[in-house]
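A.B. asks: Following this message is one structure expressed as structure tokens.
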Amino acid sequence: MSDILAYALHYEGAFNKNSLGGVSEAARLAAEAGCEAHAVVIGDVSDELAASLGNYGVTKVFRCKDAPEGLAQPVVDVMAQIMDAGGHGYALFGGGLLGFEIGAGLAARLNAGVTMEVTAVNVVDGKLTAERPIHGDSQVSTSSYKDRGIIIGRLNAFETAAPSDSVAEVEDVSVQLSEFSTKATMVTRGEQRGEDVDIEGASILVAGGRGLGKPEGFELCEALADALGGAVAATRAVVDAGWYPYSTQIGQTGKTVSPKLYLAAGISGAIQHKVGFQSSENIVAINKDSNAPIFEYSDLGIVGDLNKILPKLTDAVRAKKG
Ligand SMILES: Cc1cc2nc3c(=O)[nH]c(=O)nc-3n(C[C@H](O)[C@H](O)[C@H](O)COP(=O)(O)OP(=O)(O)OC[C@H]3O[C@@H](n4cnc5c(N)ncnc54)[C@H](O)[C@@H]3O)c2cc1C
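Have a look at this one:
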């Protein structure tokens, strides 16, 4: 099988967790298929940091210092050139919005097949196939590729391997960026607010949706989560609106959680949200609409205005805790 190239995103001298998952997955598949897994890093990456990707199983790291990190089109230029020169058959991304954007551009550039939101990759008859859940995660579709394949994981789908002592060979590549790739410039990069909150590990989640009415509505969820010793989660509608960080989104295109208690406030219960928390032990919903779909799968449903109920609940929990 032809080799696999994985993209490793970095920020402030460390690789992104999902990228390390993608690099590890590429190495696992290459070992199974009898080919090599390589990685690509963009921008200012030290020799030591680049070579450290060998800890996760890749044998070679291509480093392109000429391109800016964090923008999709320059990375498409770099990866397309490396794959054409090296004969790589597959590109693999750990997930995330940047991976989606680069992967889509790369598929168009190379006339390759692309699969997003992938949860498992297998070697079948010497080629890669990718599985992705469809129809609100009720079915799984399997993609195979006529020629080249671009595989983009769902967030957290690929496990990061335990690091070994191996280091990778680092090869600097110089790439002529397309004119259109240099139109956008990076103004600033930063970590998302809330990135440090362990949503997946929390045993109590207070989730807020559009029914909170405005970004400040999340203060009600935060107060209750604080009283309960839990964390705050959100729906896609509100993270897309910029009310709360993307890192807290639960659902098909967000995180999957299974806490002891999932309390949903002002959330309608769309299937794409439900698939992210349906395995929670107890589901409590507060919604002013008694016909809201979320009541169909709640253990306890409260019909009413969250602006009245949440503060009372918070006071009651605080009073109980003394
Ligand atoms: C491909 C795709 C992927 C998606 N992935 C996701 C995903 O990962 N996660 C996700 O969450 N969504 C996802 N969505 C979006 C999803 O379909 C819904 O649009 C979204 O979940 C709705 O969010 P919401 O419940 O906050 O808003 P709404 O559907 O607008 O619901 C708001 C609810 O608040 C209630 N309400 C209003 N005021 C009050 C009040 N004062 N007190 C109590 N209740 C009140 C209303 O009755 C209503 O039920 C996806 C959609 C698509 C097409």
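If you're matching positions, the sequence shown starts at 59 in the working numbering and goes up one per residue.
Idealized CB from N, CA, C, for every residue including glycine.
Here the structure is a predicted model, which is why all the values come from computation and not from measurement.
(1) If you drop the 5 nearest sequence neighbours on each side, which residues of the same chain put their C-beta closer than 7 angstroms to that of Ser337?
(2) Go through the residues and name those whose CB comes closer than 5 angstroms to any heavy atom of ligand 1, in chain order.
(3) Using a threshold of 8 angstroms, state whether the C-beta atoms of Ile341 and Ser356 are closer than that.
(4) Candidates Ile62, Leu78, Glu83 and Pro126: which alpha carbon is nearest Val245's?
(5) Which class does Leu150 belong to by DSSP, given the choice of helix, strand or coil?
(6) Rank Asp284, Gly288, Gly300 and Phe73 by C-alpha distance to the C-alpha of Pro273 and give the top, closest one.
(7) Tell me the residue span of the beta strand (DSSP E) that contains Asn340.
(8) In its own chain, which residues sit with a C-beta less than 7 angstroms from the C-beta of Val176, not counting the 5 before and 5 after it?
(9) With distances taken between CB atoms, is the gap from Ile352 to Ile325 smaller than 8 angstroms?
(10) Determine whether the Cβ of Ala220 lies closer than 8 angstroms to any Cβ atom of chain B.
(11) In whole angstroms, what separates the C-alpha of Tyr320 from that of Asp142?
(12) At the level of alpha carbons, what is the spacing between Gln307 and Phe335?
(13) Given a cut-off of 8 angstroms on the beta-carbon distance, is the pair Ile84 and Val116 in contact?
(14) Apart from the five residues just before and just after Gly154, which ones in its own chain have a Cβ nearer than 7 angstroms to its Cβ?
(15) Could you check where the alpha helix (DSSP H) with Thr372 kicks off and where it finishes?
C.D. replies: In this structure, then:
(1) Looking up residue 337 in the sequence shown gives position 279. Closer than 7 angstroms at Cβ, skipping near neighbours: Ser316.
(2) Gly267, Arg268, Gly269, Thr293, Arg294, Ala295, Gly309, Gln310, Thr311, Gly312, Gly324, Ile325, Ser326, Ala328, Gln330, His331, Asn345, Lys346, Asp347, Ala350, Asp363 and Leu364
(3) The residue given as residue 341 occupies position 283 in the sequence shown. The residue given as residue 356 occupies position 298 in the sequence shown. Yes. Within cutoff.
(4) Within the sequence shown, the letter at position 187 stands for residue 245. Checking every option, the nearest Cα to that of Val245 belongs to Pro126.
(5) Working through the sequence shown from its first residue, we reach residue 150 at position 92. Note: Leu150 maps to strand in three-state DSSP.
(6) Residue 273 sits at position 215 when you count from the first residue of the sequence shown. It is Gly300.
(7) Residue numbering aside, residue 340 sits at position 282 when the sequence shown is read from its first letter. Segment Asn340 to Asn345, the beta strand (DSSP E) holding Asn340.
(8) In the sequence shown, residue 176 corresponds to position 118, counting from 1. For Val176, where only same-chain residues beyond five positions count, the Cβ hits under 7 angstroms are Ala188, Glu189, Arg190, Ile209, Ile210, Gly211, Arg212 and Ala215.
(9) As a working note, residue 352 is residue 294 in the sequence shown. As a working note, residue 325 is residue 267 in the sequence shown. Yes; because the gap between Cβ atoms is below 8 angstroms, this pair is in contact.
(10) Going by chain labels, chain B is absent from the structure shown, which holds only one protein chain.
(11) The residue you call residue 320 lines up with position 262 of the sequence shown. The residue you call residue 142 lines up with position 84 of the sequence shown. Cα to Cα, the separation comes out at about 48 angstroms.
(12) Numbered from its first residue, the sequence shown carries residue 307 at position 249. Numbered from its first residue, the sequence shown carries residue 335 at position 277. Approximately 11 angstroms, taken between the alpha carbons.
(13) By 1-based counting over the sequence shown, the position of residue 84 is 26. By 1-based counting over the sequence shown, the position of residue 116 is 58. Correcting the residue type first, residue 84 is Ala in the shown sequence and not Ile. In this structure, Val116 lies closer than 8 angstroms to Ala84 by Cβ.
(14) As a first step, residue 154 must be located in the sequence shown, where it is residue number 96. So the qualifying residues of the chain are Asn76 and Leu213.
(15) Looking up residue 372 in the sequence shown gives position 314. Element bounds for Thr372: Leu364 to Lys379.
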